[in-house]
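Numbering (this note's numbering), first residue to last: 58 to 305. Note that CB positions come from ideal geometry on N, CA and C, so glycine has one too. Please read all numbers here as calculations on a predicted model, not as lab measurements. Only one structure is covered here, and it is reproduced in the block below.
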């Protein structure tokens, strides 16, 4: 992707360009308890349009729980999550699923592709679930796969794709509905070093085109290459925050 791909401020794979500094995510006093275990303890975080924020910390520190809360995949015990001004706690489960499909894109460590569908249909399905016709969805899916350099693999099933190719399909699926926010949970964790570098480059390109990004990672290199801000966590709390200069 290049800046020439932008039309009216919209990257083909990214969300419609939001005004810089517009609030996309506001997490306030977030607490999550699982029985006697406190996974999140008073977490507050704000993310502005166009930012790339990485959350790091040891296993069990609460970073994936935080990501799930921002995605609306889990409900907090206390506190609130707002995405583009919408209080997720005030939306019922049906409305939340629709909101998530339309406004939030997710990239998972282990891809979460449907084995019985070829690449193009894995990508197109998320748009069809929001009411887009199959023909329109497949057209956009092909455009995204082309932008990500794997249009020639569109009819290949996940089992026959490399790890890097599967993650690119997953990225295309996440971008299918032009989400306002892209969430990535250990996006290079299941990849070899070469495929991991390709995914890092892709995330950088998307963010430079205006995509707001929140990623969770154990990988210091991923954080410093892809993010402009690093948030560290331990024991369910945010313990530090600093601006990053992207490394080469």
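So the beta strand (DSSP E) residue 239 belongs to, where does it begin and stop?
Walking along the chain shown from the start, residue 239 turns up at place 182. Per DSSP, residue 239 belongs to the beta strand (DSSP E) from 238 to 242.
Q) Between residue 111 and residue 121, what straight-line distance do the alpha-carbon atoms span, to the nearest angstrom? A) Indexing the chain shown from 1 puts residue 111 at position 54. Indexing the chain shown from 1 puts residue 121 at position 64. Looking at the two C-alpha atoms, the distance is approximately 12 angstroms.
**Asked** At what residues does the beta strand (DSSP E) containing residue 233 begin and finish?
**Response** One-based indexing of the chain shown puts residue 233 at position 176. Per DSSP, residue 233 belongs to no beta strand (DSSP E) and is neither H nor E.
| Count the other CB atoms within 10 Å of the CB of residue 171; is the residue buried (16 or more) or exposed (fewer)? | Numbered from 1 along the chain shown, position 114 holds the residue referred to as residue 171. With fewer than 16 other Cβ atoms within 10 Å, it is exposed.
Endpoints, beta strand (DSSP E) assigned at residue 216: Indexing the chain shown from 1 puts residue 216 at position 159. Element bounds for residue 216: n/a, residue is neither H nor E.
Discussion item. Which of the three DSSP states is assigned to residue 341 in this structure?
Written reply: There is no way to answer for residue 341, as the model of the chain reaches only from 58 to 305.
**Message:** Give me the residue from 183, 83 and 118 with the minimum Cα distance to residue 162.
**Reply:** Within the chain shown, residue 162 is the residue found at index 105, counting from 1. Here the closest residue by C-alpha is 183.
Our contact map puts residue 185 next to residue 194 with C-beta atoms below 8 angstroms; I'd like the distance itself, whole angstroms only. Working through the chain shown from its first residue, we reach residue 185 at position 128. Working through the chain shown from its first residue, we reach residue 194 at position 137. The Cβ separation is near 5 angstroms, so the contact holds.
When you compare the CB positions of residue 201 and residue 210, do they come within less than 8 angstroms of one another, or not? The residue you call residue 201 lines up with position 144 of the chain shown. The residue you call residue 210 lines up with position 153 of the chain shown. Not closer than 8 angstroms, so no.
### Query
Alpha carbon to alpha carbon, what distance is there between residue 273 and residue 288?
Along the chain shown, read from residue 1 onward, the residue named residue 288 stands at position 231. Along the chain shown, read from residue 1 onward, the residue named residue 273 stands at position 216. If I take the Cα positions, the gap works out to 10 angstroms.
Exercise. Please check the pair residue 205 and residue 82, which I expect to be a contact at CB under 8 angstroms, by giving their CB distance rounded to whole angstroms.
Key: To locate residue 205, count along the chain shown from 1; it is residue 148. To locate residue 82, count along the chain shown from 1; it is residue 25. That pair is no contact at about 25 angstroms.
What's the C-alpha gap between residue 67 and residue 237? As a working note, residue 67 is residue 10 in the chain shown. As a working note, residue 237 is residue 180 in the chain shown. Low confidence applies here, because residue 67 scores a pLDDT of 42, under 50, leaving its location unreliable; read the following figure in that light. If I take the Cα positions, the gap works out to 11 angstroms.
Cut-off 6 angstroms between Cβ atoms - residues of its own chain near residue 75, not counting five sequence neighbours on either side:
The residue given as residue 75 occupies position 18 in the chain shown. Confidence is the limiting factor: at residue 75 the pLDDT is only 46, short of 50, which leaves the residue's position unreliable, though a coordinate-based value still follows. Excluding positions up to five away in sequence, the list reads 106.
Beta-carbon contacts of residue 253 that lie in its chain and below 7 angstroms, excluding the five residues immediately before and after:
Locating residue 253 in the chain shown gives position 196, where the first residue counts as 1. Correct list, in chain order: 245.
Legend entry - Classification of residue 119 by the beta-carbon crowding that lies within 10 angstroms, buried from 16 upward: As a first step, residue 119 is located in the chain shown; it is residue number 62 there, counting from the start. Answer is buried; the Cβ neighbour count reaches 16.
#### Entry: Cβ pair residue 160, residue 141 closer than 8 angstroms
Along the chain shown, read from residue 1 onward, the residue named residue 160 stands at position 103. Along the chain shown, read from residue 1 onward, the residue named residue 141 stands at position 84. Closer than 8 angstroms, so yes.
Note to self: Tell me which residues share the same chain as residue 123 and place their Cβ nearer than 8 angstroms to its Cβ, disregarding the 5 neighbours each side in the sequence.
What the structure shows: As a position in the chain shown, residue 123 is number 66, starting the count at 1. 84, 87, 97, 100, 102, 112, 273 and 290.
Going by DSSP, what residue range makes up the alpha helix (DSSP H) through residue 187?
In the chain shown, residue 187 corresponds to position 130, counting from 1. Per DSSP, residue 187 belongs to no alpha helix (DSSP H) and is neither H nor E.
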